[in-house]
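Oh and the sequence shown: position 328 is 336 in the numbering used here, straight run, nothing missing.
Data block below; observations after.
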Amino acid sequence: MTKKLNIAMLFGGNSSEHDVSKRSAHNIYDAMDKEKYNVTIFLISKAGYIMNPQDSWRVFEGEDEDTIVEAAMKELDLNNPLAPIQNLGEMESIDLFYPVVHGNLGEDGTLQALFRLLQKPFIGAGTSASAMAFDKDLTKRILNQAGIRNTDYVLLTDQTQDDYTFAQLQERLQSDVLFVKAAKQGSSVGISRVTNEAEYQRGLQDALQYDYKVLVEAGLNRPREVFISVLGNEQPRVSKIGGIVLPENDEWYDYNNKFVDASGMVFELPAELPAETVAEVESMALKAYQALGLVGLTRMDFMLDADGVPYLGEPNTLPGFTNISLYPQMWQVSGLGYSELIDEIINYGLAEFERNAKLSYDFVSLGEERVGEKKYNADVKD
């Protein structure tokens with residue numbers, strides 16, 4: 009009998025997507041084959057502390073999170089510099105980490121760096137790839153370098169926020185409608201569609217509360233949003249393409265449509281597209297996946313303009329697995345079931361760990377340091 013893998017699944021997190029993560033974690037946990045995996049769950053509180061498995065399970069089962077976390081925090085030694093992660097020690101053996109933490113401190117390379125320090129396998133992209141893919145500015149720089157079509161943008165910061173008026177940005181980006189986006193946020197948090205100066209200023213201030221970098225992007229003419237799931241490491245493959253049809257009065261696929269009320273939306277699974285559009289979206293997704301150095305899994309979000317030309321929006325390296333999330337649904341219509349998808353994600357995590365274990369980080373001795381004569385041509389203060 010094959011030994012079961014001991015999996016540590018982390019969910020929650022210090023992120024605006026905390027509750028989304030909890031919904032994703034339930035679906036992933038239910039889909040995991042318990043004949044193959046011993047799964048221990050760890051809640052990351054809204055303050056960023058990892059709770060013990062017992063308290064995590066109580067929250068997982070629906071008890072009030074704030075009450076449980078408040079009591080648990082009293083048991084932690086907050087003077088211990090490792091207090092935020094010390095409860096991981098309650099799991100005697102960990103074969104793989106399965107993070108289900110969306111957004112800040114989960115999808116941005118932070119947890120991935122911790123897993124590397126602990127020298128344990130984990131699912132999804134590595135530290136640097138996660139960090140780059142989570143930063144919309146860095147992502148666009150890499151996409152542009154790789155020749156992958158995406159919308160034009162202007163980068164602002166908290167120090168340069170007054171450099172442009174809305175009208176100046178319209179002229180520079182050649183677009184009547186603009187999107188203001190926090191550089192490092194997900195699930196449409198910190199994003200505003202703006203059509204005038206007042207909306208622009210409100211959107212800018214909203215974005216700046218989430219990040220000191222803000223992108224102002226050109227809007228497309230009557231865009232259609234489509235999505236494609238990518239799975240794999242060195243030789244990734246793509247799912248069928250999914251699409252959405254928004255309610256008549258909605259302008260774009262915002263947080264409310266994604267996670268609160270999707271009752272008025274139509275999900276096209278798969279989306280009906282011309283063969284040449286399908287081929288181009290598939291090619292762009294795979295090219296971006298490899299340009300960003302991604303492994304494991306990613307959902308790629310695209311927009312089609314009025315002429316059907318695709319523009320890559322952004323990658324999501326730990327996509328949602330809620331009941332209305334598109335990543336698993338697109339694989340299901342492609343013939344890959346939920347449990348089998350989870351198996352593949354886990355196996356790719358193990359394979360990437362083994363691959364990286366072959367790299368050498370051995371120290372190379374430089375020998376004794378020898379310093380030449382120093383000749384100063386200016387006064388040097390002690």
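Note that the Cβ used here is the ideal one computed from N, Cα and C, for glycine as well.
Cβ-Cβ separation, residue j to residue i (assumed contact under 8 Å), whole Å
i: Leu228; j: Asp313; result: 5 Å
i: Arg232; j: Met308; result: The Cβ separation is near 15 Å, so there is no contact.
i: Val234; j: Ala206; result: About 31 Å separates the two Cβ atoms, so there is no contact after all.
i: Pro323; j: Thr147; result: 7 Å
i: Ala79; j: Tyr57; result: Between Tyr57 and Ala79 the Cβ distance is about 13 Å, and since that is not below 8 Å, they are no contact.
i: Gly251; j: Glu276; result: 4 Å
i: Gly114; j: Ser23; result: 6 Å
7 Å Cβ cutoff met for residue i and residue j
i: Leu51; j: Gly20; result: yes
i: Val341; j: Glu290; result: no
i: Asp219; j: Lys192; result: yes
i: Gly132; j: Leu13; result: no
i: Asn300; j: Ile150; result: The question names Asn, but residue 300 is Leu in the sequence shown. Result yes, Cβ atoms of Leu300 and Ile150 sit closer than 7 Å.
i: Ser347; j: Ala39; result: yes
i: Ala25; j: Gly111; result: Inspection of the sequence shows that residue 25 is occupied by Glu rather than by Ala. It is a contact, given that the beta carbons lie within the stated cut-off.
i: Met99; j: Ala33; result: no
i: Leu104; j: Gly357; result: yes
i: Val224; j: Leu177; result: yes
i: Val185; j: Thr203; result: yes
i: Asn46; j: Asn95; result: no
i: Ala226; j: Leu181; result: yes
i: Ser138; j: Gln120; result: yes
Option nearest residue i by Cα separation, candidates the options
i: Ala190; options: Phe142, Ile150, Val234 and Tyr172; result: Phe142
i: Gly155; options: Met308, Glu348, Leu13 and Met292; result: Met292
i: Asp27; options: Tyr45, Thr330 and Val77; result: Thr330
i: Ile36; options: Gly250, Tyr57, Phe174 and Pro107; result: Pro107
i: Ser355; options: Leu239, Phe371, Gln120 and Glu381; result: Note that residue 355 corresponds to Asn in the displayed sequence, not to Ser. Ranking Leu239, Phe371, Gln120 and Glu381 by Cα distance to Asn355 puts Leu239 first.
i: Val109; options: Ala279, Ser368, Asn204 and Gly328; result: Gly328
i: Lys144; options: Gly198, Leu122, Ile76 and Asp370; result: Gly198
i: Leu18; options: Ile236, Asn87, Thr75 and Leu122; result: Leu122
i: Leu320; options: Tyr384, Asn22, Val253 and Arg157; result: Arg157
i: Gln209; options: Lys295, Gly375 and Asp166; result: Asp166
i: Glu352; options: Asn22, Phe130, Met81 and Ile93; result: Phe130
i: Ala296; options: Asp315, Asn385, Ile236 and Ser29; result: Ile236
Residue environment, residue i, which counts as buried when at least 16 other CB atoms sit within 10 Å
i: Pro282; result: exposed
i: Thr48; result: buried
i: Ser136; result: exposed
i: Thr306; result: buried
i: Phe371; result: exposed
i: Gly380; result: exposed
i: Glu73; result: buried
- Contact between the segment 236 to 255 and the segment 199 to 216 (3+ Cβ pairs under 8 Å): no
- Count the CB pairs spanning the segment 350 to 365 and the segment 57 to 71 that are closer than 8 Å, and state whether there are at least three. no
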